[in-house]
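Take the position in the sequence shown, starting the count at 1, then add 2; the result is the number in the numbering used here.
Ideal Cβ placement from N, Cα and C applies to all residues, glycine included.
A short write-up of the structure that comes next.
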Amino acid sequence: MILPRVVACLDVKDGRVVKGTAFRDLTDVGDPVELAVRYEEEGADEIVLLDVSASQEGRHALLETVRRTADVLFIPLTVGGGVKSVIEIDLMLRAGADKVSINTAAVLTPEILTEGAIRFGSQCIVASVDAALEDGIWRCYTHGGHKPTGLEAVGWALECEDRGAGEILLTSIDDDGARSGYALSLLKLVCDRATVPVIASGGAGSSDHLRAAIFEGGASAALLAGILHDGIVSIREIKAELARAGVPVREVR
Numbered sequence: 003m004i005l006p007r008v009v010a011c012l013d014v015k016d017g018r019v020v021k022g023t024a025f026r027d028l029t030d031v032g033d034p035v036e037l038a039v040r041y042e043e044e045g046a047d048e049i050v051l052l053d054v055s056a057s058q059e060g061r062h063a064l065l066e067t068v069r070r071t072a073d074v075l076f077i078p079l080t081v082g083g084g085v086k087s088v089i090e091i092d093l094m095l096r097a098g099a100d101k102v103s104i105n106t107a108a109v110l111t112p113e114i115l116t117e118g119a120i121r122f123g124s125q126c127i128v129a130s131v132d133a134a135l136e137d138g139i140w141r142c143y144t145h146g147g148h149k150p151t152g153l154e155a156v157g158w159a160l161e162c163e164d165r166g167a168g169e170i171l172l173t174s175i176d177d178d179g180a181r182s183g184y185a186l187s188l189l190k191l192v193c194d195r196a197t198v199p200v201i202a203s204g205g206a207g208s209s210d211h212l213r214a215a216i217f218e219g220g221a222s223a224a225l226l227a228g229i230l231h232d233g234i235v236s237i238r239e240i241k242a243e244l245a246r247a248g249v250p251v252r253e254v255r
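Structure follows, in structure tokens:
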């Protein structure tokens with residue numbers, strides 16, 4: 003049985019972990035290596051490291067940060083932000099990433115998903131879909147959530163799977179940092195039709211939100227950021243509460 007995963011997210015800007023609301027108003031919360039180690043010790047099943055400024059400002063993801071983080075982790079590491087080519091996917095994997103998350107480049111040149119999956123295996127390719135609700139329809143955004151594409155998010159997520167993505171990182175921009183719960187309607191629309199794992203992202207405020215994302219939304223994993231950075235709750239506590247609610251999670255040692 004594949005257990006639901008609790009994933010800690012580190013949004014990185016200029017080599018530092020930041021937090022914000024709806025992808026804006028970013029504030030510094032610490033060093034990515036220190037936080038990655040801390041969250042692994044607390045029981046995180048995976049770490050996601052996203053360079054949130056790379057696509058927006060046209061910069062490459064920070065390879066040195068990836069190396070430093072990968073060197074100290076024993077759990078899977080997903081890296082994203084500004085990855086524009088198969089060559090850059092290769093660089094991320096060689097730097098120690100287990101998976102590479104792709105958003106902007108996938109929209110601009112969808113072939114990157116297929117080419118990446120063929121060369122490295124679909125298990126290494128994560129399609130990152132940032133969505134916002136517009137007139138009742140979920141639409142995709144790129145460049146760190148700043149640029150609208152007009153693409154319908156559910157259809158695009160499914161196309162990403164068809165093109166070779168082995169996982170979908172699905173973020174509700176509207177709920178990012180709000181701590182009012184994941185966008186269950188968006189999750190269900192994607193999870194009911196996708197056959198690859200879907201990570202719920204944007205809106206985590208309590209263990210009940212994770213439970214709902216998994217049981218009601220159909221997510222294979224749930225991503226946390228702000229509530230961890232602020233010390234409101236630990237992953238150990240989240241997992242204990244999930245276990246009591248009947249969610250089968252990996253035991254924290």
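Apart from the five residues on each side of it in sequence, which residues of its chain come closer than 6 Å, Cβ to Cβ, to residue i?
{"i": "E163", "result": "A196 and V198"}
{"i": "F217", "result": "none"}
{"i": "G183", "result": "G205 and H211"}
{"i": "V39", "result": "V74"}
Among the options, which has the Cα closest to the Cα of residue i?
{"i": "E36", "options": "P250, L51, G83 and W158", "result": "L51"}
{"i": "E154", "options": "L188, F122 and G123", "result": "L188"}
{"i": "G147", "options": "G84, I91, A72 and V31", "result": "G84"}
{"i": "I170", "options": "E239, V20 and V200", "result": "V200"}
{"i": "K86", "options": "T173, A129, E42 and V235", "result": "A129"}
{"i": "T116", "options": "G22, E161, R246 and I229", "result": "E161"}
{"i": "I237", "options": "Q125, G207 and A107", "result": "G207"}
{"i": "A245", "options": "R181, S209 and T151", "result": "S209"}
{"i": "P78", "options": "A108, V8 and D92", "result": "V8"}
{"i": "E239", "options": "S124, T151 and E44", "result": "E44"}
{"i": "A167", "options": "V235, P112, S203 and G152", "result": "P112"}
{"i": "Q125", "options": "L186, D100 and E243", "result": "D100"}
{"i": "I127", "options": "T173, W140 and A107", "result": "A107"}
{"i": "G123", "options": "A185, S203, D92 and A215", "result": "D92"}
{"i": "D232", "options": "V156, R181 and A224", "result": "R181"}
{"i": "T173", "options": "A224, I139 and D194", "result": "A224"}
{"i": "G22", "options": "P150, L226, E243 and A185", "result": "L226"}
Should residue i be labelled buried (16 or more other beta-carbon atoms within 10 Å of its own) or exposed?
{"i": "H258", "result": "Nothing can be reported for residue 258: it is not among the residues displayed for the chain, which extend from 3 to 255."}
{"i": "V14", "result": "buried"}
{"i": "R1", "result": "What is shown of the chain runs 3 to 255, which leaves residue 1 out entirely."}
{"i": "F76", "result": "exposed"}
{"i": "L110", "result": "exposed"}
{"i": "T71", "result": "buried"}
{"i": "V54", "result": "buried"}
{"i": "R165", "result": "buried"}
{"i": "D137", "result": "exposed"}
{"i": "P34", "result": "buried"}
{"i": "R213", "result": "buried"}
{"i": "V192", "result": "buried"}
{"i": "G248", "result": "exposed"}
{"i": "E90", "result": "buried"}
{"i": "I104", "result": "buried"}
{"i": "D194", "result": "exposed"}
Which same chain residues end up closer than 7 Å to residue i when comparing Cβ atoms and leaving out the 5 residues on each side of it in sequence?
{"i": "L5", "result": "P250, V251 and R252"}
{"i": "W158", "result": "V131 and C142"}
{"i": "L64", "result": "V14, G17 and D53"}
{"i": "L135", "result": "D176"}
{"i": "V88", "result": "I114, E117, G118 and R121"}
{"i": "K190", "result": "G219 and G220"}
{"i": "M94", "result": "A63, V68, V81, V85 and V102"}
{"i": "G60", "result": "Confidence at G60 is low in this model, with a pLDDT of 46, below 50, so its placement is unreliable and the value that follows should be read with caution. Once the five neighbours on either side are set aside, G60 has no close Cβ partner at all."}
{"i": "Y41", "result": "A10, I49, L230 and I237"}
{"i": "T152", "result": "Note that residue 152 is Gly in the sequence shown, not Thr. So the list reads R141, once near-sequence residues are dropped."}
{"i": "D73", "result": "G98"}
So who's on the other strand from residue i, going by DSSP bridges?
{"i": "T144", "result": "K149"}
{"i": "S203", "result": "T173"}
{"i": "E163", "result": "BP columns for E163 are empty, so no partner."}
{"i": "L12", "result": "L51"}
{"i": "E136", "result": "I139"}
{"i": "E154", "result": "R141"}
{"i": "S130", "result": "L171"}
{"i": "G32", "result": "V19"}
{"i": "R7", "result": "A223"}
{"i": "T263", "result": "Shown here, the chain extends from 3 to 255; a query on residue 263 therefore has no answer."}
Tell me which residues share the same chain as residue i and place their Cβ nearer than 8 Å to its Cβ, disregarding the 5 neighbours each side in the sequence.
{"i": "R69", "result": "A97 and G98"}
{"i": "V20", "result": "D13, V14, L28, T29, D30, V31 and V54"}
{"i": "A46", "result": "V8, V9, A10, I77 and I237"}
Margin query: Extract the residue ranges of the alpha helix (DSSP H) inside the stretch 92 to 126, only unbroken runs of 4 or more that lie entirely within it.
Written below: 106 to 110 and 113 to 122
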